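Protein chains in written order, with my numbering: chain P, 83 to 458; chain S, 83 to 458; chain Y, 83 to 458.
All C-beta atoms in this analysis are idealised placements derived from N, C-alpha and C, irrespective of residue type, glycine included.
In this text, all values refer to a predicted model and were calculated from it rather than measured experimentally.
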Amino acid sequence: MAAHLPVDGVMAPWSKRLEARPALELADSCLRGVGQVVFMNNPVTGLLILAGLTVASAWLGLATALGAVAATLTALALGFDRTAVRAGLFGFNGALCGAGLATFFAPQLSADGMVWIVVVAAFSTVITATLARILVPTFGVPGLTLPFNLATLTFLLAAFAFASDELALAADPALPALGQAVDTTLRAEMDGSGASAAGAVLNALLRGVGQVFLADSAIAGLLIVAGITVCSRIAAGFALVGSLVGLLVALAVGADGFAAYHGLWAYNSVLCAIAVGGVFFVLTWRSALAAVACAAAGALLFAAVGTLLAPLGLPGLTLAFCLATLAFLLIKDDTPRLQPVDLSEVTTPEAHRYAARPPAGAPTGRDPRVGGNSPS
Amino acid sequence: MAAHLPVDGVMAPWSKRLEARPALELADSCLRGVGQVVFMNNPVTGLLILAGLTVASAWLGLATALGAVAATLTALALGFDRTAVRAGLFGFNGALCGAGLATFFAPQLSADGMVWIVVVAAFSTVITATLARILVPTFGVPGLTLPFNLATLTFLLAAFAFASDELALAADPALPALGQAVDTTLRAEMDGSGASAAGAVLNALLRGVGQVFLADSAIAGLLIVAGITVCSRIAAGFALVGSLVGLLVALAVGADGFAAYHGLWAYNSVLCAIAVGGVFFVLTWRSALAAVACAAAGALLFAAVGTLLAPLGLPGLTLAFCLATLAFLLIKDDTPRLQPVDLSEVTTPEAHRYAARPPAGAPTGRDPRVGGNSPS
Amino acid sequence: MAAHLPVDGVMAPWSKRLEARPALELADSCLRGVGQVVFMNNPVTGLLILAGLTVASAWLGLATALGAVAATLTALALGFDRTAVRAGLFGFNGALCGAGLATFFAPQLSADGMVWIVVVAAFSTVITATLARILVPTFGVPGLTLPFNLATLTFLLAAFAFASDELALAADPALPALGQAVDTTLRAEMDGSGASAAGAVLNALLRGVGQVFLADSAIAGLLIVAGITVCSRIAAGFALVGSLVGLLVALAVGADGFAAYHGLWAYNSVLCAIAVGGVFFVLTWRSALAAVACAAAGALLFAAVGTLLAPLGLPGLTLAFCLATLAFLLIKDDTPRLQPVDLSEVTTPEAHRYAARPPAGAPTGRDPRVGGNSPS
C-alpha cells in the first residue's frame, strides 16, 4: 500500500484517490496549506507540523488548523482557482493568521479569538487573490506570506480601537531605543546566564524553525523539520542552514542573546533559505550561495522591520522573509548564473533538479517525480 | 424644459448644451467633480453637496469648491484628457483637499489657508495623473481618492516644519494607547451620556455620510444623500447601507461611542458600499453582499489606519476606503460570480443594470440611459 | 591630446581607449558612478566630486569612493548588464550608501564602518536590479536613488539592534513636535544670529549642492558644480536653480533658518531640477518651468519625509527627490507639452537638445555629441 501511495514529494496519487470524497479532499487541502507555509505541498508535512505546534501549545495547533480551514473554505466559496486551492495555496496564509492571532491577540482558547481567526483568515484569502493579481502577471513573483502579514498587522492595528478587556494584545508601543547595553550571550531567560554552548546552539537552531509558526519550542522545530523531510530532504536541509545563518548574523552583529536563543533572528532566514535554495531556483552551488545571502539579508531585515514597527509595538511577523526573497526573485533574469523555476511548475527541490538535468544519457537514481507533479 | 434637460443620471444633454460656453462648462466640470467624490457624474449632485457643506460650515463649503476649481484648472492648464476633466475626474480629489485643509490645517477662512488649498489641490491633480499611469493600464483599477490622501497627508506632514502661529494644525502625535477603558455608548459629547437610541442611530447614519466630506453634520449628510439620489437612487441606498454597516462594526467591536456617533467609523464604509454595490460592479445580490463585506472591511481598516498614523498625529482620511475597495476591485476577474463594469464605461448603477440585461425580450421600465452615458 | 580625448559630455572616446585595461576600466566605471549621482556619466565629474567631498572630510570622500567600488564590483560579480555598469549606473547608489553610512553610522574611519559600507553598497546593487525590474518595463521610469534610500534606511533600522558601543548612530527617535517657536533667520549656528545676507544666501546655495553627497560644505558644493559643468553646463545651471528654489521654499514657508543655511531644504531640489530640466526631458521653457515646480515639490516633500521618519529618528536622505521626480516622470505622456527623453537614450542635456532639433537646415553650433553618446 505504501508503495502505491508514497508519502514523499507532492503525493499526487493520493490526491487522485481523494477526488470523489469532498470532506477528505478539504482536509487534504488544508493540511497541504499548513505544509505550504514551508513550501511543502504535502499533507503529511502538514500533519507533522500541526503535531509539533500542538506539543508546543494545544491552542496554537488548533488555531493554526482553524485558520487553514477558514481560508480554504473562503477560497472555495468565492470560486477561486480550484487547482491552487487543492495545492494548499489559499490555506497557508490563513494557517499563519491563526497562529499569529493565537500568539499576539488571544493567548488562550476563547470564542472571540476563534471568531477573529476565521475573519482574519478569510480576509487573508481575499488579499492572496489581490496580491496575486498585482504580482504574478506583471512582475512574475509570488505573494509569499505577504497576505498573512498584511491581514494580521491590519487586524492588530485595528484591535487598538476595540474594547477588549479579556483579550490581551501583546503590543507594546515605544520609540525605538538606542545605545542600550545588550547582553549578547545566548540564553533562555531574559536576564539569565548563558546555557551550555552546544545545547544553546541546538535550541536556537530548532526554535528558529519552530518560530516560522510562532512556536517557541525546540521539539516543535524538530517535528517541523521531520515534516519537511517527508516531502523534500533538500528543503529540510536548507531549513536548518537558514536557521544557522540567521543565528550567525545575530551573533556577528552583537544582537541580544535572548532573542537569538529563541529563534527570533532565524525564522525569516529559514524561509529565505528554503525558497531560494531549491524551491524557486534549481539547486546548484550558485543558488545555494544565493540562499545563504538571502538568509543573511532576511536576518538583517528582521531587525530593520522590528525597529520600523516599534512605535506601534507590533511584531514584524515574516515581512523580512517576504522582502528579502522578493528582491532575489525579481532579479532572477538579470543574472544568467541562476536557473529560476517557472512559478506554475514549482513542486519540490528534488523534482526541479530532476527536470533540469541535461536530456542526454540515462538519468541515475530514481525519478523523484514518482511522488511529484501538481497534486490534482 | 425639464423633459429635455433631465437632471438625473449623468445629464449628458446638459453637457452638450454647455459646449460653447467655457465659463459655464468649467463650473459644470467643477460641480461634477464635487459629485464624483461619491461617484456621481452630475452637477446637481455637486450643488446639493456644496449646499450641505455650507450649512455645516460656510468655510468648509467654500474650501471644497475652491479645491475643485483649482484642481480642474490645473488639469486644463497641463493639457490633461478633456473628457476626464469634463466628467469631474480631475476635480474630486481637489475638492476633498479643500475640505481636508479647511478641517485639519486652517479651521477658519484665511488667505494662507486659501493659497495652500490651491497648491495642494493642484498637486492632487498631478498625483491623479501619476497614479492613473501606475494603476489603470497595469492593474485595471482606478486611483479612487488616493491622490487626495497622498497630497493632503504629505502637506500636513510638511506643515510640521512651518512657522505657523495663526494656523492651527489639528495634529496630536502620540504613541497608540492600549487597554484604555472605552465608553461604547453612542453619544454626542466626548464625556456625555447616551442620546435616545433612535435619534443617536439616525444622527450616526447621516453624519457618516457627511464625514465623507469632513462635515460632522446630520443635515449635511441628508443633503448629500439627496444629491446622490438625483443621480442614482441605487447609490443613495448604498450610501445609507454603508453607513449602517460601519456603525454596526463599531458597535460590534466595542469602539468608542463618541467616534461612532459622529460618523467616523462609517464614512469609509459609505464610499466602499457605493463603489462595490453598483458603480464598479453591476448590482446583483452577490455584488450587494460584496458591498456589505467591503464596507465592513473599510470600517476595520479605518481603525487600523488610525493606529498606524497615531505616532504622527494625523487623520486617516479615506485611506481605508481606498485599500478595501482596491482589494475588491483587483480580484474582479478571480470570481466568476461578480460582473465588473469596464472602467471606461462607468456611468451610474442604474445604467449598468440596464446595459447588463439579457438582450432578448423587450426591456421593462424606462431606459435609464436617457439621462446616462458619458457627459461629453 | 585634449582634442582627441575631450573631457566634456560622456567622454565616449575615452571609454573606448580603456577597453583593454580592466583596472582602469573599473576605476572609470566607479568615477562615472560618482558622477551619476547628479546624472553625469563622466569620470572627470566623479573625480571633482570626490575632491570636493575630501575637502569637506577625508573620511566622507573615502567612504563614497569605497561604496562606488563595492557596488560596481558586486554588479560585475553577479553578471549584471555590462553597458549599465560601464555607465556608472550600478555605482551611484553605492557611492551614496558610503556617504550615508559615513555620516549617520560611522562618523570616523573604522574597520567596522568600512565593512558595513561594502555590505550595504553591495545590497544597493541588488536593490538597483530589483527596482529596475519593477519600474522600467512596467512603468517606464528609472529607480533614481531609491536603492540608496532603501538600503541605507534598512541598514540604519537594523543597526538599532546591534551592540555598537564605538559606532555612534546619529538617530534621535522622537514624536514630531508642533507649534514650536522657529527662528527663520538664515544662520550658520543653531542658536547664532544671522550672517550677512549675501554670504548666507551664497553659502546656502552651495551647501545645498554639497548636501546631495551629505557634504555640509560650500567648497564641496563649488567643486561639485565645477564637476557637473565639465559634463554639462545646462545641468550645472539647474543644480544652482534647484538649490535656489529649495532655499526660497524654506524662506517662504518660514522654515528653520539653520536648516536652510546648511542646504537641507535644497539638496533634493537640486536633483529634481537637474533631472527634469534637461536630463529626462528635452530642455525647453516648459520643461524649465516643470523643473522649478518639481524642485519646489521636492522641498515640501523633504519636510514631509522628515516628519514621517521622526518617530524613528532617521534622516530622509533623498526620498523626497525620488518621489517628486517619479511623479513628474510618470505623467510624461499625459501632457503633450513636454518632450520626454527615452530612458535608453539619456546622455547629457546638451545632446538631448541637439537630437531634438528639427531635421531641416544645417545645425548651428558644434555637435555636442562629439563628447556624447553612451560610453561603451
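Element boundaries [alpha helix (DSSP H), containing residue i]
i      : result
Y/I413 : Note, Y/I413: premise wrong, no alpha helix (DSSP H); not H, not E.
Y/H434 : 431-437
S/A96  : First, the residue type needs correcting, since residue 96 of chain S is Trp and not Ala in the sequence shown. Counting along the chain, the alpha helix (DSSP H) containing S/W96 begins and ends at 94-99.
P/S206 : 193-221
P/L228 : 228-241
Cut-off 8 Å between Cβ atoms - residues of its own chain near residue i, not counting five sequence neighbours on either side
i      : result
Y/M272 : F340
P/V283 : L268, L329
Y/A321 : V120, V291, I306, V307, I310, V352, A355, I356
Y/A256 : A392, P393, G395
Pairwise C-alpha distance: residue j and residue i
i      : j      : result
P/T267 : P/G274 : 9 Å
Y/A385 : Y/A378 : 11 Å
Y/A177 : S/V264 : 52 Å
Y/P440 : Y/G182 : 44 Å
S/V364 : Y/T220 : 30 Å
Y/I356 : P/A348 : 44 Å
S/S426 : Y/M93  : 49 Å
P/P229 : S/L100 : 49 Å
Y/L399 : S/A300 : 45 Å
S/L390 : P/L394 : 7 Å
S/L396 : Y/L113 : 43 Å
S/N124 : Y/T417 : 26 Å
P/L235 : P/Y436 : 39 Å
S/F72  : S/A188 : For residue 72 of chain S there is no data in the structure shown, the boundaries of chain S being 83 and 458.
Y/A375 : S/A233 : 15 Å
Y/K414 : Y/Q421 : 8 Å
S/S139 : S/A297 : 8 Å
P/S111 : P/A169 : 6 Å
Same chain, Cβ closer than 6 Å to residue i, neighbours up to 5 away in sequence not counted
i      : result
P/V331 : A378, A381
P/V200 : A152
P/D338 : V264
P/F174 : G115, Q118, V119
Cutoff 7 Å; reference residue i; Cβ partners in own chain excluding five residues on either side
i      : result
Y/T311 : A318
Y/L412 : F221, V223
Y/V202 : C179, L183, A233, T234, F237
Y/L287 : L322, S325, L326, L329
For residue i, three-class secondary structure by DSSP
i      : result
P/M83  : For P/M83, the pLDDT reaches just 38, beneath the cut-off of 50, and the residue's location in the model is therefore unreliable, although a value from the coordinates is still provided. Coil, per DSSP.
Y/P104 : helix
Y/P393 : helix
S/P422 : strand
S/F174 : helix
P/F320 : helix
S/F244 : coil
S/F162 : coil
S/F187 : coil
Y/F362 : coil
S/A253 : coil
P/V387 : helix
P/T407 : helix
S/L284 : helix
P/S275 : coil
S/L371 : helix
P/G180 : helix
Per-residue contacts from residue i into chain C (C-beta, under 8 Å)
i      : result
S/T430 : This model lacks chain C altogether, as its protein chains are P, S and Y.
*At 3 residues or longer, and completely inside the stretch 111-159 of chain S: list those beta strand (DSSP E) runs for me, N to C.*
None, since the stretch 111-159 of chain S contains no complete beta strand (DSSP E) of that length.
*Please list the segments of the alpha helix (DSSP H) lying wholly inside the stretch 288-357 of chain P, counting only runs of 4 or more residues, in order along the chain.*
Segments of the alpha helix (DSSP H) lying fully in the stretch 288-357 of chain P: 300-313, 315-335, 339-343, 349-356.
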